[in-house]
Amino acid sequence: MRNPKTRFVIVLGGLVFLATLFMTCQTIKENIGALTGGKVSTSDVETVEKTSKALRRSFAEITEEEEYYIGRAVSALILSQYPVYKNDALTKYVNRVGNAVVIHSDRPETYAGYHFLILDTEEVNALATPSGFIFVTKGLVKRCQDEEMLSCILAHEVGHVSAKHGLQSIKKSRLIDAFRIIGAEAAKRYTPERLSQLTDIFENTLGDIAEKLIERGYDRKYEYEADTLSVKTSARTGYNANGLLDFLGTMVDDTSTESDKGWFKTHPSAKDRIGRVQKEISAVQTMPLKNDARTKRFQNSMKALK
Amino acid sequence: MSSKTSRFKLLFIGLAVVCVALLLAETLIVKVQTTYVRKEPKFYSPPVATLSAGESVTQISSQAGWFKVRTSKGVEGWIHSQAVQTGKFAVAAMDKSLKTSATADEVALAGKGFNKQVEDEYKSRNRGMSFGEVDRMLRIKVTPDELRRFLMDGKLAEFGGAR
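In order, the protein sequences belong to chains A and H.
Under the numbering used here, the first residue of the first sequence is numbered 162, with each subsequent residue one higher.
Under the numbering used here, the first residue of the second sequence is numbered 12, with each subsequent residue one higher.
The structure is reproduced here in structure tokens:
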């Protein structure tokens, strides 16, 4: 047992610590103002505070807002290559299935939320850009025979967004360069020179992601991870995750004219994925059953698909 | 002497409790473009308030990925943890001018980095990019009520039956 004097000192010390903590922010702000002789505006003081933070280093430090601008631009690139399939009812349905999955995923919130669009091509493909822009082709939707299959594909794409696979495709040196420019710029708007430098990096960043998404495909480990996330998220949503196996089954030994494009080109072989997905499925304790009401609304939504 | 010391101790302990309570009432700052404060901690629960990036709310409690919060207008409800960034301390945010300095990088960097200015420059260099379609895509929304009905009709999530 400490004597009363020691206890008094401890309590006093604690209070001084709390008071110091409380005063710190205000003091920093006042000091910046004092250092500049009060000649700068409040917004400038705030900018100095912001840029005094340590430089960022990896993809994990890309902000939600920056990720959104990257996702927007990669999406604009995709949409300049593929026309949109104009079918409001089907697009709405895909967005409902997609959002049902999203809210049960590991990352339900992104800067501007998740949005799903159908691309007007017979190619079998699904693409996800950072921040939650998800595209499925008409060719892929046609291959789905029920809501479970569609939901599992969408859950696979949501998995890519949630695990930030797109952002991980950006070359590290590029990010370091971008973070250096961003960190050095104190003003709210960039000077023409800085803007030009940063836009060069932005373009190359989009190139890194687009190359993986459209041309070469992600590393195998990312595809397997997205499959794992698809099984978990689908089951959590209430879907039967065997939908993913059913879909992959349609791709085994495919000899159609589309078999050298899209998912066939950018993803590991369906056979290889099926074995791994089966293991993931067997690890799910209670798998939801398929449901007639879901299959019926899927069929209704697909009626207009040509 | 002993009664005087006791009174001092009581006073200091009381002050310490008040300070700690103030510091624990954490301020959360919205880091996504817009989000809802919802009646219950579920995405398909009815919204009671809409918040935009940079707005702050006071945390009341937390539960499995959700914060119960109070908005500046006094509305209480639930917000998902991924939509907000935890600020430093509520006491710091009581001074409105300290709103940005009371936050960590995500909010402090708002509007910086790859932003609209960079996108506009990129657009001027690449006129063929379909940003118009992206903006149309962003307008496709599923409301919480629509989502709740969709889950219910399809016997999904908590509305599910046979497993």
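Glycine included, C-beta positions come from ideal geometry on N, C-alpha and C.
Predicted, not measured: the structure shown is a model, and the values here were computed from it.
In chain order, what residues of the same chain lie with their CB nearer than 8 Å to the CB of residue i, ignoring the 5 residues before and after it?
i: G165(H); result: none
i: A168(H); result: L162
i: I435(A); result: L406, L409, G410, V413
i: E118(A); result: Outside the shown range of chain A (162 to 467) lies residue 118(A), about which nothing can therefore be said.
Using a Cβ-Cβ cutoff of less than 6 Å, which residues in the same chain neighbour residue i once the five nearest sequence positions on both sides are dropped?
i: I231(A); result: P291
i: D407(A); result: M310
i: L143(A); result: Nothing can be reported for residue 143(A): it is not among the residues displayed for chain A, which extend from 162 to 467.
i: A287(A); result: V297, L301, I314, E318
i: G85(H); result: none
i: I337(A); result: none
i: E226(A); result: Y272
i: F277(A); result: V255, N256, G259, I295
In the DSSP assignment, the beta strand (DSSP E) including residue i goes from what residue to what residue?
i: G344(A); result: Here G344(A) belongs to no beta strand (DSSP E); instead the alpha helix (DSSP H) covers 333 to 345.
i: K53(H); result: Careful: K53(H) lies outside any beta strand (DSSP E) and carries neither H nor E.
i: L39(H); result: 38 to 41
i: R81(H); result: 77 to 81
i: G88(H); result: 87 to 91
i: A287(A); result: 287 to 290
i: F459(A); result: Taken as a continuous stretch (DSSP letters only), F459(A) belongs to no beta strand (DSSP E), being part of the alpha helix (DSSP H) at 453 to 463.
i: I71(H); result: 67 to 74
i: K297(A); result: One point to set straight first is that residue 297(A) is Val, not Lys, in the sequence displayed. Its beta strand (DSSP E) spans residues 294 to 298.
i: V175(H); result: Any answer about residue 175(H) is impossible in this case: the structure gives chain H only from 12 up to 174.
If you draw a straight line from the alpha carbon of residue i to that of residue j, how long is it in whole angstroms?
i: E191(A); j: Y254(A); result: Low per-residue confidence applies at E191(A): pLDDT is 36, beneath 50, and the placement is therefore not dependable, though the value from the model is reported in the following sentence. Distance between the alpha carbons of E191(A) and Y254(A): 54 Å.
i: G65(H); j: K432(A); result: 47 Å
i: L39(H); j: L120(H); result: 16 Å
i: S73(H); j: K79(H); result: 6 Å
i: S462(A); j: L251(A); result: 6 Å
i: A345(A); j: S430(A); result: 46 Å
i: T282(A); j: S241(A); result: 13 Å
i: L62(H); j: K42(H); result: 10 Å
i: K50(H); j: T352(A); result: 45 Å
i: S236(A); j: F23(H); result: 59 Å
i: T45(H); j: H91(H); result: 12 Å
i: N452(A); j: K393(A); result: 18 Å
i: S108(H); j: C305(A); result: Bear in mind that a pLDDT of 38 at S108(H), under 50, signals an unreliable position, so the number given afterwards is only what the model happens to contain. Rounded to the nearest angstrom, the two C-alpha atoms are 54 Å apart.
i: G88(H); j: T82(H); result: 8 Å
i: L280(A); j: I239(A); result: 9 Å
i: F19(H); j: V68(H); result: 36 Å
i: N403(A); j: I442(A); result: 7 Å
i: Q446(A); j: S395(A); result: 13 Å
i: Y383(A); j: L21(H); result: 59 Å
Would you kindly report the start and end of the unbroken alpha helix (DSSP H) that includes residue i?
i: T398(A); result: 381 to 398
i: L162(H); result: 155 to 164
i: A234(A); result: 225 to 242
i: T129(H); result: Residue identity differs from the one stated: residue 129(H) is Val in this sequence, not Thr. Here the alpha helix (DSSP H) through V129(H) covers 127 to 136.
i: G410(A); result: 403 to 412
i: L280(A); result: Note, L280(A): premise wrong, no alpha helix (DSSP H); beta strand (DSSP E) at 276 to 280.
i: Q358(A); result: 353 to 371
i: T447(A); result: Looking at the DSSP string, T447(A) is not in any alpha helix (DSSP H), and its letter there is neither H nor E.
i: V329(A); result: Note on identity: in this sequence residue 329(A) is Gln, with Val being the wrong assignment. First-last of the alpha helix (DSSP H) with Q329(A): 326 to 329.
i: N260(A); result: 249 to 263
Just checking my contact of residue i with residue j at CB under 8 Å: how many whole Å lie between their CB atoms?
i: V262(A); j: G293(A); result: With 8 Å as the limit, V262(A) and G293(A) do not qualify as a contact, their Cβ atoms being about 12 Å apart.
i: A339(A); j: I362(A); result: 5 Å
i: E37(H); j: Q70(H); result: 5 Å
i: L466(A); j: K247(A); result: Contact doesn't hold; Cβ gap of about 12 Å is too wide.
i: G124(H); j: I343(A); result: 5 Å
What residues in its chain sit with their C-beta under 7 Å from that of residue i, if we drop five residues either side in the sequence?
i: F220(A); result: K325, L328, Q329, I331, L336
i: E284(A); result: T298, G300, E419, K422, G423
i: R381(A); result: P429
i: G199(A); result: For G199(A), the pLDDT reaches just 37, beneath the cut-off of 50, and the residue's location in the model is therefore unreliable, leaving the point undetermined.
i: Y229(A); result: Y272, A273, S292
i: G368(A); result: none
i: K127(H); result: none
i: Q187(A); result: Annotation note: pLDDT 40 at Q187(A) (below 50); position unreliable, coordinate value reported separately. Closer than 7 Å at the Cβ level, and outside the excluded window around Q187(A), lies no residue.
Using a Cβ-Cβ cut-off of less than 8 Å, give me the residues of the segment 307 to 319 of chain A that come near chain H, in sequence order.
Going along the segment 307 to 319 of chain A in chain order, one finds E308 with a Cβ nearer than 8 Å to chain H.
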